[in-house]
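The next block holds one structure in the form of structure tokens; read it before the comments.
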Amino acid sequence: MSDPEESLPVAGTVVLLRPAAAGFEVLLIRRPDRGSFAGAWVFPGGKVEEIDRRPGGSEREDARRAGIRETLEEVGLEIGELVVLSQWQPPREAPTRIRTWFFLAAAPDQQPSPSADEVSEIAWVSPASALERHGAGAWTLFPPTWMTLHRLTAFDDIASVLAAAGTADVFQTRVHDEGRAFEWAQGRLDASRLPWTFGPA
């Protein structure tokens, strides 16, 4: 009997890094006020499509190709080598369930050209600054974005970030206390800090 978790749709997300005076910045995009992650700030990326698949290929490689393709489509940036960072397994309570692979990449030396249909706003920002904006209520960050940014605050430069990655940490999201708290192997987070609900899509 097949495992239903194995048949989940898959997506690839790319965390782009560029040098900055304070160490490094990441590229975040604000989604339009409709569709998936409406109004939230996220990293570029999207679901694996047929064009991303290869016969006999792995899920991770499909997600990597999807991340590269979606980054080009969403912000007009052509990226090269990606380093795997994490895999996010969605909670069973979520109305739309997609398993997402996160990758790191050094940003190319070109200006982003955001897609008007998929991106409302873009920002290069330090991980700490993005978290501060979320904490102040100015930005909405969903748990995978929040946790990724939080992890990146431990590093001083791009080289150290990339050197520490390369093996995917798996985050199996579990919901507790009727949606008031989320738990991962790495710890537990009060949901009041992360506006993520599981109502109808």
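Every letter in the sequence shown is one number past the one before it in the UniProt record's numbering, and letter 73, counting from 1, is 73. Virtual Cβ for every residue (Gly too), placed ideally from N, Cα, C.
| Query | Result |
| --- | --- |
| What does DSSP give as the partner residues of P19 in its beta bridges? | F24 |
| How would you call F159, buried or exposed, if buried means at least 16 neighbouring beta carbons within 10 angstroms? | It is worth fixing the name first, because residue 159 is Ala in this sequence and not Phe. Under this definition A159 is an exposed residue. |
| Quick check: the Cα distance between L162 and E93, rounded to an integer number of angstroms? | 33 Å |
| Below 8 Å on the Cβ atoms is my guess for E70 versus P44; work out the distance and round it to an integer in Å. | 6 Å |
| How big is the Cα-Cα spacing for R99 and P90? | 6 Å |
| Got a sec, what are the start and stop residues for the beta strand (DSSP E) V125 sits in? | E121 to V125 |
| My guess is that L17 and L104 are in contact by the Cβ rule of under 8 Å, so how many angstroms apart are they, rounded? | 6 Å |
| Please confirm whether V84 and A168 have their CB atoms less than 8 Å apart. | yes |
| Jot down the residue ranges of each uninterrupted beta strand (DSSP E) in the UniProt domain "Nudix hydrolase" (7-148), minimum 3 residues, whole runs only, in chain order. | 10-20, 23-30, 45-47, 83-89, 99-106 and 121-125 |
| Give the C-beta separation of W41 and L28 to the nearest angstrom, bearing in mind that I take them to be a contact with Cβ-Cβ under 8 Å. | 5 Å |
| So, S126 versus E50, is the Cβ gap smaller than 8 Å? | no |
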